[in-house]
RNA sequence: GGCGCGGUAGCCAAGUGGUAAGGCCGAGGUCUGCAAAACCUCUAUGCGCCGGUUCAAUUCCGGCCCGCGCCUCCA
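Residue numbers (my numbering): 15 to 468.
Pasting the structure below:
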């Protein structure tokens, strides 16, 4: 059964198929800008894309999927950050690239096959801009910047359904862009940005003078280099629909003369407490923020899977509690399963709904139907396949905050008096621990400590 | 102003022209010094509001109300 996925361009649910004769599905996922820790909204996109990747591996075979995800390591934000911290750009982007990788690993996301950087592909970007200049799709402004001429591409706006006219009207309502004076038309966008003082050492030579690439061109260039002129699937968050992906299509198709991507998929955003994440309201969580509250990264991953990828998902701390409990149930269920025997097809519905436009909530619902149905015979291998495609690692040790020494000392003391059957003293110590925000979980052979929740 | 998404139980969230998946919370129970864990049972006559189509609508159509997102560098 083929994988069907909504295509943002045709607005239909369509089958995903490799178009190249080698049978390799070419998959490009827009990656992060590495100037700060990614927040959970970013990770919703990466986790959803990770499930998609796992599903594609399953469908076509691991060697038949080529997954590319870029790192944006030169842009306004990264340069500003480097300037503010008085560090070289590379130091800043390396730090946050490493953090991004660590977070992805904690969330059990597979690594893409290629993870190209913008600064590593200056040559390729310049080459593309050069072709666009020669073909008359781009022009050099007085300050040395190069812009893409939107009016030169008839299909501009087809992805986001934003007509050029309306675009102008919309942007006219806003403050004019800083570079408005340099552009022939407000809709035009930068391919190459002439060097400015605040860019510091971060510029490269080009036929148009020193400068740096515009944002959009990097994806066009890296996609072309690593996947070819026509790719099978291009994904990202809905915010990238316009202008980023619209501009990528314009650049790539004008440059290469062929279809850029055969399929587009965009995940909706994550909301926190029903609203857009906001730094000032303290709702812009990073993975570290949540693990500091005692939640495991796997619970964060599970929470990000609770909603349909194409619908906004309301993230709350309660959802995280729910996820933690759901994972505990799955863990306990897994422990009861025999290695073999049982019905190998009990999870057929899970895979079917995942293949049908990545219906994650329904897949999770179907999963628990199986877990709760005592009449079904399930073996561990079949169950593990489901966990694997969802990327839920039940063995992962919960990354809980370590208890401070004072708390451990109290807990040891309580364990001792409990062994001596001085229950009154044990209860008193339990209260002390609770007052300090810790819960002591007794087992026959010892105890564990967890931060008190709620 | 343009483009788009959504309103389903206390919370999160699927779904269908034929009478509401699932998770959490909550309640009861088994077990257990206590607490927790685990396991069992229960928990929406209802799917924003008003009309229409239909034998039948939460599901289709129209209107309205409310919420959210994007509109030049934010996944």
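The beta-carbon is built from N, C-alpha and C at its ideal position, and this holds for glycine as well.
Exposed is the label assigned to residue 108, since fewer than 16 other Cβ atoms lie within 10 Å of its Cβ.
Of the candidates 32, 42, 24, the residue whose Cα lies closest to the Cα of residue 251 is 42. Selection 72, 50, 60, 40 evaluated against residue 368 yields 72 as nearest (Cα-Cα). Per DSSP, residue 207 is one residue of the beta strand (DSSP E) stretching across 203-208. Beta bridge pairing from DSSP links residue 280 with 250. By alpha-carbon distance to residue 126, the top candidate from 102, 40, 202 is 40. Considered as a whole, the region 75-125 harbours 79-83 as its complete beta strand (DSSP E) runs of no fewer than 3 residues, in chain order. Look at the beta carbons and you see the region 159-178 touching the region 197-213: at least three pairs across the two are nearer than 8 Å.
Between residue 49 and residue 95, the beta carbon gap of about 4 Å places them in contact (Cβ cut-off 8 Å).
Beta-bridge partners assigned by DSSP to residue 422: none are found.
For residue 362 and residue 59, the gap between their C-alpha atoms comes out near 26 Å. Considering only 306, 307, 336, 308, the residue with the shortest C-alpha distance to residue 318 is 336.
Annotated as distal: residue 146 and residue 233, with beta-carbon spacing of 8 Å or more. The beta carbon of residue 309 sits closer than 7 Å to those of 334, 338, all from its chain and outside the five residues before and after it, given in chain order. Of the candidates 330, 105, 311, 377, 330 places its Cα closest to the Cα of residue 290.
If you look at residue 170, you'll find it isn't in any beta strand (DSSP E); DSSP assigns it neither H nor E. Taking 8 Å as the cut-off, the Cβ atoms of residue 357 and residue 390 count as close.
The region 343-351 and the region 392-406 touch, with no fewer than 3 CB-CB distances between them shorter than 8 Å. For residue 160, the uninterrupted beta strand (DSSP E) run begins and ends at 160-162, by DSSP. In the three-state reduction of the DSSP assignment, residue 49 falls in the coil class.
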